[in-house]
Structures are given as structure tokens and as C-alpha cells.
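**Student:** Could you have a look at this structure, given as C-alpha cells, before my questions?
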Amino acid sequence: MAIAIDFGTSNTVITRWNPVTQQAETLNLPGLSAQQFLNPPLIPSLVYVENASAETIIAGQQVCDRGLDIKTDQRFFRNFKRGIGADIQGFLPELDGKNITFEQVGQWFLSQVIAELAILEGNIDSLVLTAPVDSFEAYRYWLGKVCQSLPVAQIRMLDEPTAAALGYGLADQGTLLVVDFGGGTLDLSLVSLDQGKQAKTKPLGFLLKWGDKTLGEDSKQKPKTARVLAKAGQNLGGTDIDNWIVDYFAKTQGLPVSSLTARLAERVKIQLSTHDQASEVYFNDQTFESYEMDLDRYTFENILKENGFFDKLHDSMMTLLQQARRYGIEIDDINAVLLVGGTVQLPVVQTWIEKYFKPEKIRRRLPFEAIAHGALQITQGIEIKDYLYHSYGVRYWNRRNQGHSWHPIIKTGQPYPMTQPVELVLGASVDNQLSIELIIGELGAETGATEIYFDGDRLITRQLDTRVTTVKPLNDTVNASKIAKLQPPGFPGSDRIKIYFQVDEQQFLRITVKDLLTNNTLVENQLVAQLS
5 MAIAIDFGTS NTVITRWNPV TQQAETLNLP GLSAQQFLNP PLIPSLVYVE
55 NASAETIIAG QQVCDRGLDI KTDQRFFRNF KRGIGADIQG FLPELDGKNI
105 TFEQVGQWFL SQVIAELAIL EGNIDSLVLT APVDSFEAYR YWLGKVCQSL
155 PVAQIRMLDE PTAAALGYGL ADQGTLLVVD FGGGTLDLSL VSLDQGKQAK
205 TKPLGFLLKW GDKTLGEDSK QKPKTARVLA KAGQNLGGTD IDNWIVDYFA
255 KTQGLPVSSL TARLAERVKI QLSTHDQASE VYFNDQTFES YEMDLDRYTF
305 ENILKENGFF DKLHDSMMTL LQQARRYGIE IDDINAVLLV GGTVQLPVVQ
355 TWIEKYFKPE KIRRRLPFEA IAHGALQITQ GIEIKDYLYH SYGVRYWNRR
405 NQGHSWHPII KTGQPYPMTQ PVELVLGASV DNQLSIELII GELGAETGAT
455 EIYFDGDRLI TRQLDTRVTT VKPLNDTVNA SKIAKLQPPG FPGSDRIKIY
505 FQVDEQQFLR ITVKDLLTNN TLVENQLVAQ LS
């Protein structure tokens with residue numbers, strides 16, 4: 005049985021491959037799936053922790069059915085996907101003597117979903133997971149760890165926009181633009197699909213994959229190919245819009261700011277997808293005050309403008325089109341635009357897209373299911389050619405600025421897995437040096453940095469104006485940064501070790517370290533994130 009899971013900030017979708025119909029089917033998991041969304045069935049990405057030490061939780065629609073999402077409670081978690089692998093300012097609660105992290109909440113959620121799935125479907129032979137295009141290695145590594153203990157022969161990972169392009173089934177349409185705009189991220193991806201024909205562009209890499217089975221080995225036909233030509237993303241989604249609506253009512257009416265009022269704001273936003281006017285009522289059971297949350301589309305659009313919403317959309321589109329021009333692709337060469345995610349349902353977003361593309365090019369029919377449906381295609385002989393969205397670099401002391409800077413060693417756009425490693429030679433810096441330390445990081449785009457912090461019990465993201473390189477250190481601990489022990493000790497004045505950097509098929513950075521003095525291999529093909 006082949007299964008795909010699209011773990012989203014607001015909702016999660018699960019699909020299976022039906023060998024009889026040769027089609028992807030969206031699954032309805034009793035208790036977890038929202039009944040009001042039977043077509044398609046969505047699982048709300050919600051968790052309520054009953055007992056942290058015993059690891060007993062309530063997940064999905066059950067949280068809503070028991071009314072656990074309509075009161076302020078530190079045991080209730082939503083939007084936790086945004087915090088996985090991110091540097092959070094603020095703190096999460098301690099529950100039942102256990103320190104809670106977003107990674108732990110996410111693992112509980114996915115584990116329960118997969119457990120319910122196993123009861124319904126039985127043995128799972130192949131599992132495909134999806135990740136945002138802008139996700140750092142810390143998120144992908146966490147997602148892989150969650151599934152390490154599963155009795156599944158093959159587990160693979162795929163960028164969400166690429167999966168969406170496959171899910172729409174437009175393999176004969178040439179160059180496709182996927183606008184994946186959900187609760188937590190905006191991802192744009194330019195994808196070229198073909199059916200074994202000679203492509204005009206050079207292959208850009210390979211799919212993240214685990215297991216020994218080769219993609220497409222059961223198929224007698226030449227594998228179809230999905231080539232990722234360009235991609236852009238940022239930490240912007242429907243959750244940010246919900247918070248902006250709350251802030252508007254807090255400013256104009258004195259509405260309390262909390263996760264509860266954010267959920268009411270989400271309802272207002274959803275209503276505005278189909279109506280010109282929306283309204284919700286908030287009642288404070290402590291002060292007995294009530295607030296009318298009335299909003300029309302005109303005011304709503306002004307709220308978006310004041311928060312730089314359309315400027316951020318434009319910046320992402322320009323970044324993607326600039327990348328596309330490297331391959332001679334202009335905006336008119338894009339054959340179809342595929343809309344994915346709940347936020348694309350907003351008329352203001354669709355109007356924005358229509359400023360760039362003719363309406364007949366825009367596809368809207370699979371906003372929630374396209375990613376999970378497309379992810380299953382790679383179990384049926386689809387081959388993915390991909391490249392690195394982030395660079396990898398090493399930290400060094402910048403004498404001019406009197407501070408640490410980062411030097412890229414593997415740059416954005418590098419195909420993976422790499423056929424040839426990148427080499428770096430280092431020497432000792434002091435007498436009798438017993439080890440050599442090196443901080444290695446994943447470098448994001450040189451744009452305004454994204455700050456993630458708590459405002460009360462709300463998780464907020466904010467774009468900073470300063471243009472800096474976002475860096476996620478992979479081994480910034482005392483033990484992990486010591487990449488090589490020197491025996492005999494090192495002395496300044498000569499090269500001592502050579503490091504070979506390689507990105508594997510799972511898009512993880514690995515290193516091999518050789519001692520140039522003794523000719524010994526000190527570290528071999530080690531995953532950087534596990535150098536502890």
C-alpha cells in the first residue's frame with residue numbers, strides 16, 4: 005500500500021494509491037477527519053495534550069468535537085508546524101513534568117495519524133512525505149526521524165509545490181507555476197513535466213528518498229520526469245492574516261488578543277472567501293463583554309496592505325521569475341498556474357495572481373488535495389530532478405567587521421546528490437591543539453530575516469527590514485562542533501585536515517575528514533546534524 009501525507013499548518017491530507025483504478029484517493033480517518041469537509045476530508049492539524057508524561061493526546065477533529073479549541077488552554081496546540089526547527093523567542097509550557105517543544109507536539113500528531121492509518125489500511129509499503137520549499141534541513145531531518153521507527157520499506161520526501169504540479173495531472177502542459185499558499189508558508193515553484201522526452205533544460209538533481217528500491221523499477225516504461233526550474237518561498241500564510249485581523253479589532257474595538265480570538269478571525273477570513281461581508285461574535289466569559297467582529301472585503305484588503313501583504317507576494321513572484329529567466333523562460337512561457345492551499349481561496353489573492361496571468365491559465369479545482377495526490381505519483385515511476393534551495397557554509401571570524409560571518413561552501417542551485425565533494429583544508433591555530441572545531445550552517449536567502457516569537461499565546465512571525473542571510477547552524481554545540489580530534493596534537497603553520505563536503509540523495513549534508521599528517525580517516529560520511 006502506497007500512502008502520501010501532506011502535513012499542513014492548518015490541515016493535513018492523507019491519500020492512498022488505488023491499484024485497481026490507478027488513481028490517488030483521499031482518505032477519511034474516523035475521529036481525525038473533519039466531517040464538514042467530506043469532500044475532501046481534511047484532518048485539522050490540532051493537538052490537545054491530555055497527559056504529557058504518558059504521551060496521551062487528542063488530535064484532529066476530535067479536538068474540535070470536544071470543544072477543546074474554543075478556550076484558552078496551554079494544553080491546546082495549533083500552528084505548531086511553523087515552530088518545528090525554528091528559533092522561537094518565548095517559551096512553551098511544562099506539562100505534567102515534561103518540557104514541551106513544537107517538535108514533540110508534531111511527532112505526537114503524526115504518530116497518532118499514522119497509527120490510525122495503520123488500523124484502517126493495514127501494512128504500508130511506501131510512504132511519501134512533503135515539505136515546504138523554504139524548509140531548512142532541521143525540519144526535514146525532524147520529519148525523517150519521526151518515521152524512522154515505522155515498519156515501512158520506503159519513506160521519501162518531496163517539495164510541496166512539486167507534488168502539487170504532479171497532483172494536477174498536467175504532464176502535457178509543459179512549464180507549470182505552482183502557487184502553494186497555506187496556513188504557514190507561501191511557496192512558488194516552476195516545474196517542467198515531461199513523459200520521458202528529451203528535456204531542453206539540464207537535470208537539476210534528484211528526489212529525497214530512503215530505502216533500496218529504485219524509483220520506477222517496476223515500470224517497463226521510461227520514467228516520467230518532473231524538473232524543478234525555479235522556486236521561491238517565505239514564512240507567510242493564513243495564520244499571519246488571522247493575527248492581523250485580531251490586531252485590527254484590538255486596535256479599533258479593544259478586542260482581547262488571544263488564540264481564541266485568532267480562531268474567530270480565521271472564521272471571518274473564510275467567510276470573506278465567498279461573501280462580501282463577514283461577522284463573528286466574541287464573548288468574554290470573565291468580563292461578560294461581547295465584541296462584534298464585522299469586516300467587509302474593502303476593509304480586509306486595507307488590513308492586508310497595511311501589513312505589506314501584497315509587497316511580499318510581489319517580491320516572491322519577482323524572485324521566481326528572475327530565476328526562470330536564467331533558463332530563457334519568461335512569464336508568457338508559463339503554460340498553467342496551479343493554485344494550492346486554503347489561502348489561495350481568498351478573492352484578493354486570486355485577483356493578485358490574475359494581474360500576472362490570464363484567467364484561462366489558472367487552475368483552482370484541487371486546492372487541498374493536489375499535494376498529497378501528486379506525492380503519490382513518485383511511487384508510480386515519476387522521477388524528480390531537483391536542486392538545493394539553500395546554501396551550506398562555514399562560520400569564520402571576519403576581521404574587518406570584528407564579528408562572525410559565513411562563507412558558502414555549497415551554493416544554492418547545486419544538484420543533489422552531488423557526484424563530486426567540495427574540499428576544504430584546515431590547520432591548527434594554537435600550539436598542542438587537540439581538536440579542530442568548525443561551525444557548519446545552512447544559509448537562507450539574503451532577504452529580510454523572519455523573526456518568530458510569542459505574543460501572549462499566539463505564535464507570530466515578523467519580517468525584519470534588515471537584509472541579512474538567515475542561518476540555521478547544524479552543529480553549534482560544544483561537542484558537535486569538534487569535527488576532528490588530533491593525535492598527535494596540531495601546531496600552527498601547516499595544513500592538518502582535509503574535509504570533504506557532500507550532499508546526499510536525502511538533501512542532507514555529510515562530511516568526511518582526513519588527517520593529512522597521519523593519513524587516517526577521522527570521520528567518514530557523517531551526517532553533520534548528528535555530530536554529537
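Residue numbers (our numbering): 5 to 536.
By construction, the Cβ of each residue, glycine as well, lies at the ideal position given by its N, Cα and C atoms.
Predicted model only: the values in this text are computed from it and were never measured.
Excluding five sequence neighbours on each side, which residues of the same chain lie with their C-beta closer than 6 Å to the C-beta of Leu99?
**Tutor:** Val53, Ala56
**Student:** To test your reading of the DSSP string, which unbroken beta strand (DSSP E) runs of 3 or more residues are found completely within the stretch 82-145?
**Tutor:** 130-135
**Student:** Which term fits Phe11, buried or exposed, when burial requires 16 or more other beta carbons within 10 angstroms of its beta carbon?
**Tutor:** Its Cβ being crowded by 16 or more others within 10 Å, Phe11 is buried.
**Student:** Are Phe84 and Val109 closer than 7 Å when you measure CB to CB?
**Tutor:** yes
**Student:** For the beta strand (DSSP E) containing Glu284, name the first residue and the last one.
**Tutor:** 281-287
**Student:** Going by beta carbon distance, what residues of the same chain come within less than 6 Å of Asp499, once the five residues before and after it are set aside?
**Tutor:** Val429, Gly431, Leu520
**Student:** By Cβ distance, which residues of its chain are closer than 7 Å to Ala328, with the 5 residues on each side in sequence left out?
**Tutor:** Same-chain partners within the cutoff: Leu194, Leu233, Ala234.
**Student:** So the alpha helix (DSSP H) Gly494 belongs to, where does it begin and stop?
**Tutor:** No alpha helix (DSSP H) holds Gly494; the beta strand (DSSP E) holding it covers 486-494.
**Student:** Any heavy atom of the ligand NAD inside 6 Å of the beta-carbon of Lys365?
**Tutor:** For the structure depicted, the ligand NAD is absent and the ligand set is empty, with no information on it obtainable.
**Student:** Judging by CA-CA distance, which residue of His411, Ile382, Ala63, Pro496 is the nearest neighbour of Leu162?
**Tutor:** Ile382
**Student:** Just confirm the distance between the C-beta atoms of Val446 and Glu141, as a whole number of angstroms; I'd bet it's less than 8 Å.
**Tutor:** The sequence shown places Glu at residue 446, not Val. That pair is a contact at about 5 Å.
**Student:** For Gln158, which residues does DSSP report across the bridge?
**Tutor:** Ser130
**Student:** Considering only the alpha carbon of each residue, which of Ile104, Ser196, Asp184, Gln116 lies closest to Val348?
**Tutor:** Asp184
**Student:** Please list the terminal residues of the continuous beta strand (DSSP E) segment that includes Arg412.
**Tutor:** Before going further, note that residue 412 is Pro rather than Arg in the sequence given. Unbroken beta strand (DSSP E) run through Pro412: 407-414.
**Student:** Quick one: grab the DSSP three-state call for Pro351.
**Tutor:** Pro351 falls in the helix class under three-state DSSP.
**Student:** Helix, strand or coil: how does DSSP classify Leu317 here?
**Tutor:** helix
**Student:** Among the candidates Ala168, Ala119, Phe505, Ser485, whose CA atom is the shortest distance from the CA of Val341?
**Tutor:** Ala168
**Student:** Quick one: grab the DSSP three-state call for Val250.
**Tutor:** DSSP places Val250 in helix when its eight states are reduced to three.
**Student:** Using three-state DSSP, classify Phe512 as helix, strand or coil.
**Tutor:** coil
**Student:** State the Cα-Cα distance for the pair Glu427 and Gln66, rounded to the nearest angstrom.
**Tutor:** 52 Å
**Student:** Just to confirm the assignment, what range does the beta strand (DSSP E) spanning Val183 have?
**Tutor:** 179-185
**Student:** Do you know how far the Cα of Pro351 is from the Cα of Asn239?
**Tutor:** Cα-Cα distance, rounded: 21 Å.
**Student:** State the Cα-Cα distance for the pair Gln530 and Ile515, rounded to the nearest angstrom.
**Tutor:** 5 Å
**Student:** Of the choices Leu259, Gln511, Lys476, Gln437, whose alpha-carbon is the least far from that of Gly497?
**Tutor:** Gln437
**Student:** Can you tell me whether Gln257 is helix, strand or coil according to DSSP?
**Tutor:** helix
**Student:** Which residues in the same chain have their Cβ closer than 7 Å to the Cβ of Glu528, if we skip the five residues on either side of it in sequence?
**Tutor:** Taken in chain order, the residues that qualify are Thr516.
**Student:** Which whole-angstrom value describes the C-beta separation of Val51 and Trp112, a residue pair presumed to lie in contact below a C-beta threshold of 8 Å?
**Tutor:** 6 Å
**Student:** Quick check on Lys206: buried or exposed, where buried means 16 or more other Cβ atoms within 10 Å of its Cβ?
**Tutor:** Here the model assigns Lys206 a pLDDT of 35, short of 50, so the residue's position is not dependable and the matter cannot be decided.
**Student:** Please state the DSSP three-state secondary structure of Thr60.
**Tutor:** strand
**Student:** In three-state DSSP terms, what is Phe11?
**Tutor:** strand
**Student:** Hey, quick one: how far does the beta strand (DSSP E) through Val28 stretch, first residue to last?
**Tutor:** At residue 28 the sequence reads Ala, which differs from the Val that was named. Taken as a continuous stretch (DSSP letters only), the beta strand (DSSP E) holding Ala28 covers 27-30.
**Student:** Can you tell me which of Ser433, Leu31, Gly417 puts its alpha carbon nearest to the alpha carbon of Gly494?
**Tutor:** Ser433
**Student:** Near Leu33, what residues of its chain come up, given a Cβ to Cβ distance below 6 Å and the 5 sequence neighbours on each side ignored?
**Tutor:** Glu120
**Student:** Find out if the Cβ-Cβ distance for the pair Ile443, Phe505 is shorter than 7 Å.
**Tutor:** No, the pair does not count as a contact, with Cβ atoms beyond the cut-off.
**Student:** Give the DSSP-derived three-state secondary structure of Asp69 in the structure shown.
**Tutor:** helix
**Student:** Shortest alpha-carbon distance to Glu59 belongs to which of Gly171, Glu305, Asp69, Thr105?
**Tutor:** Thr105
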